[in-house]
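A.B. asks: Sharing a structure below in structure tokens format, with a few things to ask.
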Amino acid sequence: MDDSLLKLAKASSSQKKHELAAHMTGLLAVRDDATTSSEETKLLNSMLEGVYTSLGDDAKQEMSDKLADVSAMSSTLAAALANEEIPIAQAVLERSTSLSEADIVKLAQTKGQDFLLALAKRDHVSKDVTKILISRGDKDVKQTVACNLGAEIEMPEFEALVKDMPKQMGDRIRHLRKSNEELLEDLFKDDGEIAAGSELQRRPSKISPKAWVMGIKMGKTTLNKAVYQCSVEHNLFDVVALLSFFSGMQLKYVHNLMVRFDSTGIATICRATGLGAKEFQAICKERCKHLKFPESTGSKWLTNYHMLDDTDARRLLNLMKIKLKATERAEAA
18 MDDSLLKLAK
28 ASSSQKKHEL
38 AAHMTGLLAV
48 RDDATTSSEE
58 TKLLNSMLEG
68 VYTSLGDDAK
78 QEMSDKLADV
88 SAMSSTLAAA
98 LANEEIPIAQ
108 AVLERSTSLS
118 EADIVKLAQT
128 KGQDFLLALA
138 KRDHVSKDVT
148 KILISRGDKD
158 VKQTVACNLG
168 AEIEMPEFEA
178 LVKDMPKQMG
188 DRIRHLRKSN
198 EELLEDLFKD
208 DGEIAAGSEL
218 QRRPSKISPK
228 AWVMGIKMGK
238 TTLNKAVYQC
248 SVEHNLFDVV
258 ALLSFFSGMQ
268 LKYVHNLMVR
278 FDSTGIATIC
288 RATGLGAKEF
298 QAICKERCKH
308 LKFPESTGSK
318 WLTNYHMLDD
328 TDARRLLNLM
338 KIKLKATERA
348 EAA
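In this text, residue positions in the sequence shown follow the working numbering: the first is 18, and each later residue adds one.
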């Protein structure tokens with residue numbers, strides 16, 4: 018694939034441009050994080066940017082739906098889609114990580130309530146964007162911001178929003194936000210400051226974490242099966258390695274959450290990576306043995322796991338990673 022493809026795209030008829038755009042969208046949709054800076058990925062983005070203005074709404078809708086969750090999409094293309102009418106823009110507004118913070122701020126400052134509501138549903142909403150959404154948003158937007166655990170919000174503003182919500186809902190959101198803030202604070206505490214058990218030890222295993230990962234990527238097994246098997250083999254160390262890989266969290270942080278006396282952090286990672294209740298129960302059983310807790314404690318952890326919302330877990334995981342990256346950048350500066 019080379020620049021001749023881009024020239025062909027620009028010179029093609031309207032129908033051919035649409036067909037070519039659909040083909041290139043499909044190719045870009047299968048890009049992964051490891052290929053976001055490759056020459057092929059850059060060319061795919063460049064081609065789609067070059068023909069974008071000549072595409073019809075159907076082609077743009079397909080592009081938005083297929084690329085909203087693809088990190089390889091360029092910020093330029095994401096911004097173009099986000100500025101379309103809401104049916105086309107919605108998926109990108111709600112989910113795309115390719116949208117730059119500057120573009121998100123501009124959208125929040127200039128667009129209507131449908132756009133603001135979509136932005137309020139993002140897995141992470143920065144403090145600056147949150148302030149704009151609260152200032153410009155209607156009741157639905159404000160309530161969505163308050164319920165979004167991934168939205169960074171000052172406590173006075175949060176409490177003001179909660180007052181307008183039903184008491185039961187407000188109490189639940191208040192409790193979840195407080196628990197999440199405590200968990201985020203604990204990530205940066207020294208080991209001696211956190212109630213936790215001893216370090217996990219690597220045990221002999223029939224299948225290594227690397228082999229499990231390869232099998233999962235090839236579609237021959239699943240993360241659920243891998244975690245369950247490692248758990249029944251009394252190998253929480255390998256469970257940590259698997260959860261670290263599929264959550265994108267550094268191994269040391271996942272390990273620390275696994276040996277803590279509470280279950281909030283490890284439950285969040287398990288739920289965010291799609292683990293089922295059976296698999297989490299197997300983890301709880303082994304955690305209780307390691308921490309020398311009664312089995313009844315594991316049952317309580319499992320009950321709480323059933324109540325944990327997938328979206329809340331994913332948002333908290335993303336917020337953890339954002340906080341950790343920000344801290345690492347600050348330490349490196």
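Idealized CB from N, CA, C, for every residue including glycine.
#1: Which partner residues does A213 have in the DSSP bridge list?
#2: Have a look at A96 and K342 and give me their C-alpha separation to the nearest angstrom.
#3: By Cβ distance, which residues of its chain are closer than 7 Å to M18, with the 5 residues on each side in sequence left out?
#4: Enumerate in chain order the residues of its own chain whose CB-to-CB distance from T42 is below 6 Å, with the five nearest sequence positions on each side excluded.
#5: Output the distance between the C-alpha atoms of L253 and I233, rounded to the nearest integer angstrom.
#6: Can you tell me whether DSSP reads V162 as helix, strand or coil?
#7: Hey, is the region 225-239 in contact with the region 270-286, meaning 3+ C-beta pairs nearer than 8 Å?
#8: Determine the extent of the alpha helix (DSSP H) in which P226 is found, giving its start and end residues.
#9: From what residue to what residue does the alpha helix (DSSP H) around K77 run?
#10: Among residues of its own chain, excluding the 5 on either side of A284, which ones have a beta-carbon nearer than 8 Å to its beta-carbon?
#11: Expressed to the nearest angstrom, what Euclidean distance is found between the alpha-carbon atoms of K340 and K33?
#12: Contact check, I286 vs L260 under 8 Å by CB: the rounded distance?
#13: Is it buried or exposed for L268, if we count other Cβ within 10 angstroms and need 16 for buried?
#14: Taking the straight line between their C-alpha atoms, what separation do you get for S117 and A89?
#15: Residues in the same chain with beta-carbon distance under 7 Å from A85, minus the five sequence neighbours each way, listed in chain order, please.
#16: Note the first and the last residue of the continuous alpha helix (DSSP H) segment covering S261.
C.D. replies: Reading off the structure:
#1: The residue you call residue 213 lines up with position 196 of the sequence shown. Answer is R277, bridged to A213.
#2: Position 79 of the sequence shown, counted from the first residue, corresponds to residue 96. Position 325 of the sequence shown, counted from the first residue, corresponds to residue 342. When rounded, the distance between both Cα atoms is 24 Å.
#3: Counted from its first residue, the sequence shown places residue 18 at position 1. Confidence is the limiting factor: at M18 the pLDDT is only 44, short of 50, which leaves the residue's position unreliable, though a coordinate-based value still follows. Hits under 7 Å: E57 and L60.
#4: As a first step, residue 42 is located in the sequence shown; it is residue number 25 there, counting from the start. Hits under 6 Å: M80 and K83.
#5: Against the sequence shown, residue 253 aligns to sequence position 236. Against the sequence shown, residue 233 aligns to sequence position 216. The alpha-carbon atoms of L253 and I233 are separated by roughly 18 Å.
#6: Counted from its first residue, the sequence shown places residue 162 at position 145. Residue state, collapsed to three classes: helix.
#7: no
#8: To locate residue 226, count along the sequence shown from 1; it is residue 209. P226 to K234 is the span of the alpha helix (DSSP H), which, as asked, contains P226.
#9: Along the sequence shown, one-based indexing puts residue 77 at 60. D74 to L84 is the span of the alpha helix (DSSP H), which, as asked, contains K77.
#10: The sequence position of residue 284 within the sequence shown is 267, counting from 1. Excluding residues within five positions, the ones whose Cβ falls inside 8 Å are F297, W318, N321, Y322, L325 and A330.
#11: In the sequence shown, residue 340 corresponds to position 323, counting from 1. In the sequence shown, residue 33 corresponds to position 16, counting from 1. Roughly 45 Å between the two C-alpha positions.
#12: Within the sequence shown, numbered from 1, the residue matching residue 286 stands at position 269. Within the sequence shown, numbered from 1, the residue matching residue 260 stands at position 243. So it is a contact: roughly 5 Å between Cβ atoms.
#13: Numbered from its first residue, the sequence shown carries residue 268 at position 251. Exposed, because fewer than 16 other Cβ atoms sit within 10 Å of the Cβ of L268.
#14: On the sequence shown, position 100 is the one that residue 117 refers to. On the sequence shown, position 72 is the one that residue 89 refers to. Cα to Cα, the separation comes out at about 13 Å.
#15: Against the sequence shown, residue 85 aligns to sequence position 68. So the qualifying residues of the chain are A108, V109, R112 and S113.
#16: Taking the first residue of the sequence shown as position 1, residue 261 is located at position 244. Note, S261: alpha helix (DSSP H), L253 to S264.
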